[in-house]
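Everything on this sheet refers to the single structure shown next.
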Amino acid sequence: MTSVSAPLESLIDVLVIGAGPAGLATALGLTRAGIKVRIVDIRAQRISVGHADGIMPRTIEVLDSYGVSNELIRKSHHVYAISNYNYDPSIDGIKYASRVPAINEPTARYKYIATHNQGFIEGLLLAGLEDANVRVEQACKPTSLELSSCEDELKDHASYPVKITLEHLSAAPGTPSSEIVHARFIVGADGAHSWVRHMLGIPMEGDSTARVWGAIDFTPLPSSNFPDWRNITTVNAADTGIMLIPRECSKVRLYIELGSVDEFEQDDRGRPDTSKITADKLLDIAKRAFKPYILETTPDKVEWWTAYIIGQRVATRFCDRGRAFIVGDACHTHSPKGGQGMNASMNDGHNLAWKLAHVLKSWSPMALLDTYEAERRPFAQELIAFDRWYAEGFNAESRAKLVREKGLEVALTGPAFRTFSALTTGIGIQYAPSIITSQVSPTVDVIKTETSPFTLTVGKRVPPYALMRVADCRPINLQDALPSDGLSKLIVFAGPLTSLEEKGRLAEVEEALRDIFHAFGTDKFRLLVILSAVSDDMSYKDVPVGLRKDWTSILVDSTSSFSNESGGAYAAFGIPVTGKFVAVRPDGYVGTIIELSEMRRLDDYLRGWLLRSSDPL
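In the UniProt record's numbering, the protein residues as written are 1 to 617.
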């Protein structure tokens, strides 16, 4: 009689289902904050080619904050321009129309879009996880999910109210293939057809558009004479729309409009049957669309291709009972042409991870987790609205109808990206007021009138700016002083340090922060001091010891120790020479701005979302 092994049982802080960009980013954020995490994926092997391929400037900044951007910057193709070609009946082919900068945001640290295949991007995140001895468990299928309905258990920080059964599909003979995992939280990052979302009963709003698209990656032969292979290019041909994405190693990606779903036979699931679409068919359509230019390749230079229906939907909620969350395509789906899918997905994980970590460490109440949906769902809805409008610009029938009926042209790539640059680059995201993004000082506006694009603004990310480290005169970008390590950054813009009187003024700030650290502890924060100037007879050691956590934390608004000229950061940030205090969330967004004379208000802000040492859990 064959015995059946009992399933294994285990405990984990967070179980992430799905090892795409969203799941990997979530897991990386959690591990950097010191949280125990497991990440599983149903695929036997990770992807190596195809899929998403464009990384926007804000996402590069985020990857930079985790220390995993170097290989992306070195090996990706950098896109600086977007071109547009329109059909010209006089030549029965396409003709150059315009070219604009790919990035229109003055505060972008990276003035380009980085393109590489999704497998490479995932590899960057995987390398970061492996540094923490976390590896993706491949060929692992979730088969059941139970979430406690007991309110007391759900509210208990120490409880494990999530029960998931996993099936290890590649388990060795004689070893249990089934495992029961008890988790404190679960994150569904398992794509557009999310099993986790389905098990939680979370519906999606919106519908699929009536267009079928193809995508193909290949290397053009030298005989291909299109002049804009190395720029993102929109081709508005007579009967189709194509977007060209230049890629690493001289490859290109083409997104090709294939027609209405009504033109396709239905498969047994009632969806358009795309099984007859081949790489050769996609290339034939592209060759006709690019006329009078020549497009040539060979089968061995075709790396990947697919066909899909554009879906523009968003989940009605991103969380269930405060213990189960969905991120990435599991909670919002849209076309890939705006270059947003992978970017939005990774930034979902970046937003959620530090909040989970704070709750798991008993640093914050469960209410902090409500801000994930409150911040990321409105952003997803904005992306969907942009995507619906933008997709019309690729639909030949829609373009012709608008021109015919209203004399309008829609959503050409260059103008569209200029109009929505703040959204598409991620640079202009501003989170709405909440417990973690609030203005507690009545003398500082919640949303300032920005005289400089670099003005520090509550709810926006801290922009890059060149400063100098006082101790060793080393140039340093402010963003590099704000790593994604799960800690809030408390920045004292302290004004000048050129006299004993000014040193005494800093002592008052030191006293106020001493009370804050006594109430909330020091382990939740990293303290930075940014001086407007330092005289030659003073050093970083003249900063009061309570503000000087280590020699790396004292910066000055200068780019050279051999010049008395300001580096311009105070002026660009909108900081007066008298100084200000800025609290920066662990994800790099400004939480609040306070006058140095009102430091007591920092306690008001922090009490909204941090637990004091004396607070009950």
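All residues carry an ideal CB built from backbone N, CA and C; glycine is no exception. All values reported here derive from a predicted model rather than from experimental measurement.
Nearest to residue i (by Cα), restricted to the options the options
i    : options                : result
R43  : K141, L497, Q479       : K141
G259 : I277, V181, G119       : I277
I186 : S362, Y80, H193, C319  : C319
L295 : G214, P220, L610       : P220
L169 : P161, V136, S178, V162 : S178
M468 : K287, L531, G459, S438 : L531
D329 : D480, R197, M56        : R197
A237 : S250, R184, N86        : N86
T371 : M199, V16, C249, S434  : S434
Y160 : E167, S149, L166       : S149
E510 : R548, W389, Y540       : R548
A357 : G504, I94, S421, A158  : A158
L602 : R526, G568, L513, D537 : L513
N133 : V37, P89, K281, V534   : V37
L527 : D537, P544, A432       : P544
E502 : D542, V582, T424, Q479 : D542
K95  : L506, V235, V529, R135 : V235
P463 : E205, A494, G128, G426 : G426
R321 : W354, K155, S194, D217 : K155
G23  : H350, A569, D268       : H350
S421 : T175, V49, P57         : P57
V68  : L478, K580, A127       : A127
G567 : V534, S65, V458        : V534
DSSP-derived helix/strand/coil call for residue i
i    : result
V68  : coil
H78  : strand
P222 : coil
N236 : strand
D485 : coil
W354 : helix
L258 : strand
Y589 : strand
W551 : helix
S275 : coil
Y96  : strand
A22  : helix
S597 : helix
Y293 : coil
Q381 : helix
H283 : One point to set straight first is that residue 283 is Leu, not His, in the sequence displayed. Helix, per DSSP.
R269 : coil
W609 : coil
G29  : helix
P453 : coil
F264 : coil
W305 : strand
Outcome for residue i when other beta-carbon atoms lying within 10 angstroms are tallied against a minimum of 16
i    : result
T449 : Note on T449: pLDDT 42, under 50, position unreliable in the model; no value is reported.
G34  : exposed
S83  : buried
P173 : exposed
G270 : exposed
G188 : buried
T522 : exposed
L11  : exposed
G201 : exposed
R585 : buried
H193 : exposed
L15  : buried
L500 : exposed
G504 : exposed
T115 : buried
D387 : buried
T424 : buried
A507 : exposed
A494 : buried
A432 : exposed
P453 : exposed
D280 : exposed
*Residue ranges of each beta strand (DSSP E) within the segment 309-333, 3 or longer*: 324-326
*Along the chain, which unbroken stretches of the beta strand (DSSP E) at least 3 residues long are found entirely within the segment 124-195?*
140-147, 162-168, 178-188
*Three CB pairs or more closer than 8 Å across the segment 305-313 and the segment 334-353*: yes
_Segment contact, 8 Å Cβ cut-off, at least three pairs: the segment 117-130 with the segment 49-64_ = yes
_Any beta strand (DSSP E) of 3 or more consecutive residues that is wholly inside the segment 459-529_ = The segment 459-529 contains these whole beta strand (DSSP E) runs: 466-469, 474-477, 488-497.
*asked:* Does the structure place the segment 554-561 close enough to the segment 454-468 that three or more beta carbon pairs sit under 8 Å?
replied: yes
*Please determine if the segment 70-83 and the segment 366-386 are in contact, where contact requires at least 3 C-beta pairs separated by less than 8 Å.*
Short answer: they don't touch.
_Does the contact criterion of 3 or more C-beta pairs under 8 Å hold for the segment 287-303 versus the segment 213-228?_
yes
*Quick one: any contact between the segment 477-487 and the segment 574-582, if contact means 3 or more CB pairs under 8 Å?*
Result no; under three Cβ-Cβ pairs closer than 8 Å.
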